[in-house]
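Q: Quick note: to get the working numbering, add 287 to the position in the sequence shown (first position is 1).
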Amino acid sequence: MTQVIASEIADRENGRQTLTRGALTQPAMSSSDSNSTSPNTSKVTTPVSGCPGPDSGSAFAKLLEGFAHTTSPSTSKRKFESPTTVGPAAQPRLKRIKKAKDDHWREFRNVHDYLGPGLDVVFCGINPGQISASAGRHFANPNNHFWSCLHEGGFTDRRVDPSEDHTLPEAFNLGMTNLVQRPTREASELTPSEMRGSVPLLLSKITHYKPRIVCFVGVGIAETVSSYLALKKGNAKGKGKRKGGPGMLPFKLAYEREGEKSCRVSETLLYAVSSTSGRVVAYSKGDKVKQFQSVNRLLRQIQTGGYKAADDVTAVYTRDLGAL
Numbered sequence: 288m289t290q291v292i293a294s295e296i297a298d299r300e301n302g303r304q305t306l307t308r309g310a311l312t313q314p315a316m317s318s319s320d321s322n323s324t325s326p327n328t329s330k331v332t333t334p335v336s337g338c339p340g341p342d343s344g345s346a347f348a349k350l351l352e353g354f355a356h357t358t359s360p361s362t363s364k365r366k367f368e369s370p371t372t373v374g375p376a377a378q379p380r381l382k383r384i385k386k387a388k389d390d391h392w393r394e395f396r397n398v399h400d401y402l403g404p405g406l407d408v409v410f411c412g413i414n415p416g417q418i419s420a421s422a423g424r425h426f427a428n429p430n431n432h433f434w435s436c437l438h439e440g441g442f443t444d445r446r447v448d449p450s451e452d453h454t455l456p457e458a459f460n461l462g463m464t465n466l467v468q469r470p471t472r473e474a475s476e477l478t479p480s481e482m483r484g485s486v487p488l489l490l491s492k493i494t495h496y497k498p499r500i501v502c503f504v505g506v507g508i509a510e511t512v513s514s515y516l517a518l519k520k521g522n523a524k525g526k527g528k529r530k531g532g533p534g535m536l537p538f539k540l541a542y543e544r545e546g547e548k549s550c551r552v553s554e555t556l557l558y559a560v561s562s563t564s565g566r567v568v569a570y571s572k573g574d575k576v577k578q579f580q581s582v583n584r585l586l587r588q589i590q591t592g593g594y595k596a597a598d599d600v601t602a603v604y605t606r607d608l609g610a611l
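(1) Where R551 and R606 are concerned, what is the direct C-alpha to C-alpha distance, given to the nearest angstrom?
(2) Excluding five sequence neighbours on each side, which residues of the same chain lie with their C-beta closer than 6 Å to the C-beta of M535?
(3) Under the rule that 16 or more other beta-carbon atoms within 10 Å means buried, what is Q588, buried or exposed?
(4) Which ranges would you report for the alpha helix (DSSP H) in the segment 423-471 if only whole runs of at least 4 residues count?
(5) Spell out a yes or no on whether the segment 406-424 and the segment 457-473 are touching, meaning 3 or more CB-CB pairs, one atom from each, closer than 8 Å.
(6) Contact defined as beta carbons within less than 8 Å: I believe G609 pairs with S562. What is the distance between those atoms, to the nearest angstrom?
(7) Under 8 Å Cβ to Cβ from I500, same chain only, skipping five residues before and after it: list those, please.
(8) Count the other CB atoms, across all protein chains shown, that sit within 10 Å of the CB of A420; report buried if there are 16 or more and exposed otherwise.
(9) In angstroms with no decimal places, state the Cα-to-Cα distance between T494 and G462.
(10) Helix, strand or coil: which one does DSSP assign to A596?
(11) Under 7 Å Cβ to Cβ from V467, same chain only, skipping five residues before and after it: list those, please.
(12) Could I get the ranges of all uninterrupted beta strand (DSSP E) runs contained in the segment 538-580, with 3 residues as the minimum, in chain order?
(13) Considering only C-alpha positions, which residue in the set V576, L489 and S450 is nearest to A422?
(14) Can you give the beta carbon distance from V233 to C436, rounded, assuming they're within the 8 Å contact cut?
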């Protein structure tokens, strides 16, 4: 060992750049030492060629100093340590909590029913869309044709703004409700079971307020209600089965008089028009207006006594519905 070290010292003194790795027994010079201006002391840096510079003091000490920084910090093992397992990042990452499906809608307003006893027509939508839920108004999407159809269909003397939906019962003797109260971005997000499960509540509203006509704004709503009433009458495969499309439903809600002139409306007719959504292109806006005009004509016939019940319309009494 002594011979090896002596040989290395001799090599350094002769200016040769051959280095032999040995055991480190002394740390590198401090920053204050490296900044010394003594002519006999040179700054210790990471060697490039393996030669630390001229001797200073003990040749043996300078030999050890020459090996003090042979490993650059950029190539230390810390470079290969994962940042997720070292230092502050070693803390466990917080998992993102997924919102419940309906959390998004909790910030929106409720779209209220606007009903009253003995209304001429109650218009029933399928459920509030995103824009309607945000505004808290029925058919608030500017691309929806409902309010235009209502006016051009002869129900209002002007185009009512969605923000005025609450005025319909008093101003025009019209009502507003929905089959399902839960808002969605698309009506297709509603499940068939959710729609069927909402029918009893809708029927309880109708039988309580007894409007002359309930107009379902969407053929799918009418089919759901019609299927429910067919089951109640035991005609699931018979008379109650309805073909798709706008028009009169094969059922009507009939009310038993509890006393003389106790109820001026003896029955509620059920009618379907196509969806007024601008995205529904199976019917043009002109076609949708004509459907509303048909509902208006039916109302006038009822009011003037000119309506004659069709033979293929089955009366469903409240006793048939049972507990709703």
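Built from N, CA and C at the ideal position, the CB exists for glycine as well.
A: On the basis of the supplied data:
(1) 19 Å
(2) So the qualifying residues of the chain are Y558.
(3) exposed
(4) 433-439 and 455-459
(5) yes
(6) Incorrect: roughly 30 Å between the Cβ atoms, too far for contact.
(7) Hits under 8 Å: D407, V408, V409, T555, L556, L557, Y558, V582, L585, L586 and I589.
(8) buried
(9) 14 Å
(10) coil
(11) I413, N414, L477, E481, M482 and S485
(12) 554-560
(13) S450
(14) Given that the chain is displayed from residue 288 to residue 611, the structure contains no residue 233 and the question cannot be resolved.
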